[in-house]
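Quick notes on the structure that follows.
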DNA sequence: AAGTACCC
DNA sequence: CCCG
């Protein structure tokens, strides 16, 4: 039984039911876990339904994985590349996500999906909503590792004003409740080197994708 | 469609 | 040319 090392040094509210837990996710085991997942389900570019390549490289772990292709956005229990189930979600990931949600005021978070995004310099993710899940009662927990990035966080209307927040290695963003369908994105990643990840930003996004 | 293009 |  190992001690968990999670705990935010600082919490910042970024909206109703939305906060950043600074330095909450500094356990190097997270990077080991990502490497283990990627060894079974490699990072790959996905296509939008319109046939354009998504710049971020993605893989998944857990019971469900987020996938996109010409048929649309959806959650799938198997990796389309291998037809194998997605790798099991590491216990460390589950523990982190549950504790972060709890810290942000969302008890009972039981993620069944973890999307892993890998950003290289020059890559961005446009404003979007996470709305492919079967229900929206559970929050979103988003973990930043490696190179810093500028996170855009707006409201539930596409036209709502968007604030910018720099996310550093170890920061966790949690949003739910009235902010669950908030529009969000990541600005173009700037070049840089991080001691633990090199010229890379990694993001873990935990969700309850399935019905309960 | 998490994408791009174009305009101001 | 880049940015919003």
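In UniProt numbering, the protein residues as written are 1 to 212.
The beta-carbon is built from N, C-alpha and C at its ideal position, and this holds for glycine as well.
Buried versus exposed call for residue 90 [16 or more other C-beta atoms within 10 Å across all chains shown]: buried
Within the segment 97-130, note down every full beta strand (DSSP E) run reaching 3 residues or more, in order along the chain. 113-119, 125-128
Are the beta-carbon atoms of residue 242 and residue 205 separated by less than 7 Å? No statement about residue 242 is possible, as the shown extent of the chain runs from 1 to 212 and does not include it.
Cβ neighbour criterion (16 or more within 10 Å) applied to residue 13: Residue 13 comes out exposed.
Could you work out which residue in 186, 177, 159 is closest to residue 18 when comparing CA atoms only? 177
Do the segment 109-122 and the segment 162-169 touch if we need at least three Cβ pairs shorter than 8 Å? no
In three-state DSSP terms, what is residue 1? In this prediction, residue 1 has a pLDDT of 43, which is less than 50 and means its spatial position is unreliable; what the coordinates show is noted afterwards. Looking at residue 1 - three-state DSSP - the assignment turns out to be coil, as it is neither helix nor strand.
Classify residue 154: buried if its beta carbon has 16 or more other beta carbons within 10 angstroms, exposed otherwise. buried
Bridge partners for residue 205 per DSSP, in chain order? BP columns for residue 205 point to 115, 142.
Where DSSP assigns a beta bridge to residue 59, which residues make up the other side? DSSP, once it has assigned bridges, lists 116 as partnering residue 59.
Proximal residues to residue 162 (C-beta, below 6 Å), its chain only, five neighbours per side dropped: 152, 154
Per DSSP, what kind of secondary structure is residue 28 in: helix, strand or coil? coil
First and last residue of the beta strand (DSSP E) that includes residue 68? 65-69
If you drop the 5 nearest sequence neighbours on each side, which residues of the same chain put their C-beta closer than 7 Å to that of residue 84? 78
Taking residue 95 as the reference, which of 181, 164, 33 has the closest Cα? The option with the nearest alpha carbon to residue 95 is 33.
Can you list, in chain order, the residues of its chain with a C-beta nearer than 8 Å to that of residue 139? Leave out the 5 residues immediately preceding and following it. 17, 101, 104, 106, 109, 174, 175, 176, 177, 180
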